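Notes follow the structure.
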Amino acid sequence: MQDNYTFVNVPPSLNKDDHDFFEYNPELRYFSCINTLIKSVGPKIASDIMWATYLILDPDSKFYAQRFDVRKHNIATNFLKIPDFDWDAYDYLLTCYPEISMSPSKADYYRIRNLFNKLLGDVEITEDLSKVQSFLTTLDRTYSGLDKSELRMVKEKEKGKEVRGSEQPGKLAKRQ
């Protein structure tokens with residue numbers, strides 16, 4: 046099993062005009078869903094859509110804390126600069142992205158978090174108080190499961206980190 050999962054490489058200061066998704070992640074173009082995307086819209090637009098997909102779906106994205114509909118709106122409006130972007134046309138991509146671009150623990154966290162958000166959304170719109178009460182009684186266990194899943198993802202990420210030149214203490218660094 047691979048120790049260091051780096052499925053999607055992201056530049057420190059992402060700018061879709063300066064950073065081609067497929068230059069940072071060349072092997073992803075060989076997955077059928079992404080190959081379909083490239084063939085349908087061309088490599089430049091496919092790159093923009095892949096960065097947008099990363100921003101709305103990946104737990105490492107700064108947008109991930111927002112509700113899904115808010116993420117999609119913000120990314121379409123402010124990143125893609127297409128306020129009426131048709132996300133539904135790329136549903137196949139949103140479905141395959143977690144499987145091809147996330148480590149097993151990150152994909153598990155993603156799935157669990159999505160189930161929780163769906164359940165929360167269902168509870169918010171229901172008028173059935175017994176469903177609300179049932180949800181509230183399982184909330185501690187649900188949060189515990191989410192926390193464990195997130196911790197597993199974080200540990201996997203930390204385990205795979207490398208120490209590079211500038212991150213290592215220099216000769217004059219204080220030894221402990």
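Just so you know, we're using the working numbering here: the sequence shown kicks off at 46 and counts up by one. All C-beta atoms in this analysis are idealised placements derived from N, C-alpha and C, irrespective of residue type, glycine included. It should be emphasised that the depicted structure is a prediction, and the values quoted were computed from it without experimental measurement.
Taking the alpha helix (DSSP H) that residue i belongs to, which residues open and close that run?
i: V269; result: Limits of the chain in this structure are 46 at one end and 221 at the other, which puts residue 269 out of reach.
i: E144; result: 136 to 146
i: I79; result: 77 to 86
i: V55; result: Counting along the chain, V55 falls outside any alpha helix (DSSP H), and DSSP gives it neither H nor E.
i: F113; result: 113 to 119
Taking only three categories from DSSP, how would you classify residue i?
i: D62; result: coil
i: K151; result: helix
i: I127; result: coil
i: G210; result: Residue placement at G210 cannot be trusted, given a pLDDT of 37 that sits under 50; what the coordinates show is reported in the next sentence. Of the three classes helix, strand and coil, the one that applies to G210 here is helix, per DSSP.
i: S189; result: helix
i: A97; result: helix
i: N159; result: helix
i: T171; result: coil
i: K202; result: helix
i: P104; result: coil
i: A110; result: coil
Spatial neighbours of residue i within its chain, please: C-beta separation below 7 angstroms, excluding the five flanking residues on both sides.
i: L125; result: D93, A97
i: I120; result: A97, L100, I101, F108
i: I127; result: A121
Beta-carbon within less than 8 angstroms of residue i's beta-carbon, same chain only, minus the 5 sequence neighbours each way: which residues are those?
i: G210; result: With a pLDDT of 37 at G210, under the threshold of 50, the modelled position of that residue is not reliable, and the figure given next carries that caveat. Here the set comprises nothing.
When the Cα of residue i is compared with those of the options, which residue comes out closest?
i: L102; options: E169, F180, T187, A152; result: A152
i: R112; options: I145, L165, S58; result: L165
Among residues of its own chain, excluding the 5 on either side of residue i, which ones have a beta-carbon nearer than 6 angstroms to its beta-carbon?
i: K61; result: D93, W96
i: Y69; result: N54
i: I79; result: L73
i: D65; result: S92
How about residue i: is its C-beta nearer than 8 angstroms to some C-beta of chain C?
i: K200; result: Checking the listed chains, one finds no chain C in this structure; it contains a single protein chain.
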